[in-house]
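These notes concern the structure reproduced below.
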Amino acid sequence: MRAVEIHKYGAAKDVLIFNQGAPLPEPGPDEIRIRVHASAVNNIDCAIRNGYGSEFFKKRGLFELPIVMGRDVSGVVDKIGEDVTRFSVGDEVYAAPSNRGCADYVTVKADFAALKPGNLTHLEAASFPYVVLTAWAALAVHAGLTAENTAGQKVFLPRGSGGIGTFAIQWMKAWGAQLVTSCSTKNIELVKSLGADEVFDYTKDGFEGRLNDCDVALDMLGHEMTEPVLATLKEHSGARYVSVVSPLMQLTTEHGYDKGLEMYEAELADRQTNQAELGREFAWSFMQPNGNALAKIAELIEQHKIKPVIDRVYPLEQLVDAHEYMESRRARGKVVISIIKPE
Numbered sequence: 002m003r004a005v006e007i008h009k010y011g012a013a014k015d016v017l018i019f020n021q022g023a024p025l026p027e028p029g030p031d032e033i034r035i036r037v038h039a040s041a042v043n044n045i046d047c048a049i050r051n052g053y054g055s056e057f058f059k060k061r062g063l064f065e066l067p068i069v070m071g072r073d074v075s076g077v078v079d080k081i082g083e084d085v086t087r088f089s090v091g092d093e094v095y096a097a098p099s100n101r102g103c104a105d106y107v108t109v110k111a112d113f114a115a116l117k118p119g120n121l122t123h124l125e126a127a128s129f130p131y132v133v134l135t136a137w138a139a140l141a142v143h144a145g146l147t148a149e150n151t152a153g154q155k156v157f158l159p160r161g162s163g164g165i166g167t168f169a170i171q172w173m174k175a176w177g178a179q180l181v182t183s184c185s186t187k188n189i190e191l192v193k194s195l196g197a198d199e200v201f202d203y204t205k206d207g208f209e210g211r212l213n214d215c216d217v218a219l220d221m222l223g224h225e226m227t228e229p230v231l232a233t234l235k236e237h238s239g240a241r242y243v244s245v246v247s248p249l250m251q252l253t254t255e256h257g258y259d260k261g262l263e264m265y266e267a268e269l270a271d272r273q274t275n276q277a278e279l280g281r282e283f284a285w286s287f288m289q290p291n292g293n294a295l296a297k298i299a300e301l302i303e304q305h306k307i308k309p310v311i312d313r314v315y316p317l318e319q320l321v322d323a324h325e326y327m328e329s330r331r332a333r334g335k336v337v338i339s340i341i342k343p344e
């Protein structure tokens with residue numbers, strides 16, 4: 002089968018290899034094999050290609066070189082493990098595997114997949130899994146938002162025109178949130194069309210010092226923007242800050258796994274203590290595989306409450322170009338990879 006791999010870390014043009022003789026994966030007892038029709042590129046894919054988190058992932062036994070790229074898939078089940086009851090051969094599904102999506106076939110645990118939204122093509126469906134599960138872990142798991150308690154809460158999503166933002170804006174609005182975001186001038190109309198109630202233009206005044214009454218903030222900026230995003234939250238109200246940008250991978254890469262993990266846990270505890278004194282909660286969040294979450298979002302998509310936002314589509318053979326475009330930071334929504342040409 003075809004697959005795009007890396008055997009070393011580095012720039013896309015130097016390390017991405019198009020392998021036409023990759024081995025066909027076989028599903029385990031609790032897995033399904035998917036004939037992949039489409040995948041996508043996320044910022045995390047580019048980061049992993051550059052060596053991000055390599056020490057952490059290797060130590061945890063998650064993956065190491067060589068790596069087949071891609072963390073989004075939409076396709077058709079072509080084989081199931083002996084213990085699988087949720088799916089049948091021929092089902093159209095979408096999922097977020099831990100890499101391995103930019104290939105003709107991929108295996109995933111059945112519990113980590115869901116039926117593809119019936120009103121979407123595979124190209125459209127492939128734009129969702131990774132951003133859905135990243136946002137779900139942050140907002141539903143860590144921030145505790147549900148379909149029942151989100152209405153009326155003021156949620157801040159900086160960087161709203163990217164892959165996570167364009168999804169999360171629509172999702173939070175579907176659940177009734179008052180939604181605030183930030184973006185550049187050229188993307189204001191896009192985020193407003195997705196449901197944003199208030200938009201700050203970061204190329205002009207930005208949100209710093211102008212927003213301080215939010216109940217929840219999903220930080221997709223991190224680093225030097227952590228404190229400004231924290232300052233958007235109400236004090237002494239139980240407001241929740243959740244960031245998808247944590248120092249864990251950088252610390253374990255620079256200081257080794259054990260020391261880096263110790264430093265990460267110490268910094269997290271310190272930040273949680275400081276925010277607790279202000280009556281706030283603090284968390285760093287990571288994507289979690291969750292087929293039930295994908296199924297719930299599929300319902301909202303089929304109700305036309307969430308739509309795909311796709312910037313560009315590249316064929317598998319042009320994954321280098323797709324990575325380079327993603328790294329240009331110009332993408333509005335998702336960059337999708339076509340594995341099987343639509344008929």
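Going letter by letter, the sequence shown gives residues 2 to 344 in my numbering. The beta-carbon is built from N, C-alpha and C at its ideal position, and this holds for glycine as well.
Residue state for residue 174 is assigned as helix, using DSSP reduced to three classes. For the pair of segments examined, the region 162-171 was found to touch the region 180-197: the number of CB pairs separated by less than 8 angstroms reaches three. The alpha carbon of residue 263 has as its nearest neighbour, out of 248, 276 and 40, the alpha carbon of 248. Within the DSSP secondary-structure output, residue 219 pairs in a beta bridge with 243.
Cβ-Cβ distances below 7 angstroms link residue 14 to 321 in the same chain, with the five nearest sequence neighbours on each side left out; the list follows chain order.
When DSSP states are grouped into helix, strand and coil, residue 150 belongs to the coil group. Distance check between residue 25 and each of 34, 17, 19 and 18 places 34 closest, using alpha-carbon atoms only. Close CB contacts of residue 306 within its chain, under the 6 angstroms cut and outside five residues either way in sequence, are with 175 (chain order). Here the region 101-121 makes no contact with the region 137-149; the two share fewer than three CB pairs at distances below 8 angstroms.
Residue 49 is not bridged by DSSP to any residue.
With a minimum length of 4 residues, the unbroken runs of alpha helix (DSSP H) contained wholly in the region 237-313 fall at 249-256, 258-278 and 292-303.
Annotated three-state conformation of residue 322 is helix, per DSSP. In this structure, residue 192 lies away from residue 221, with their beta-carbon atoms at least 8 angstroms apart. Taking the Cα of residue 151 as reference, the smallest distance to any Cα among 45, 140, 36 and 102 is reached at 140.
Judged by DSSP in its simplified three-state form, residue 29 adopts coil rather than helix or strand.
In the structure shown, residue 76 falls within a strand segment according to DSSP collapsed to helix, strand and coil.
For the 8 angstroms CB-CB criterion, residue 74 and residue 107 form a contact. The alpha-carbon of residue 215 is positioned some 16 angstroms away from that of residue 226. Straight across, the Cα-Cα distance linking residue 190 with residue 155 is about 20 angstroms. A residue is called buried once 16 or more other Cβ atoms fall within 10 Å of its Cβ, and residue 335 is buried on that count. C-alpha of residue 337 to C-alpha of residue 314: approximately 5 angstroms in a straight line.
Taking C-alpha positions only, residue 308 is separated from residue 164 by approximately 12 angstroms.
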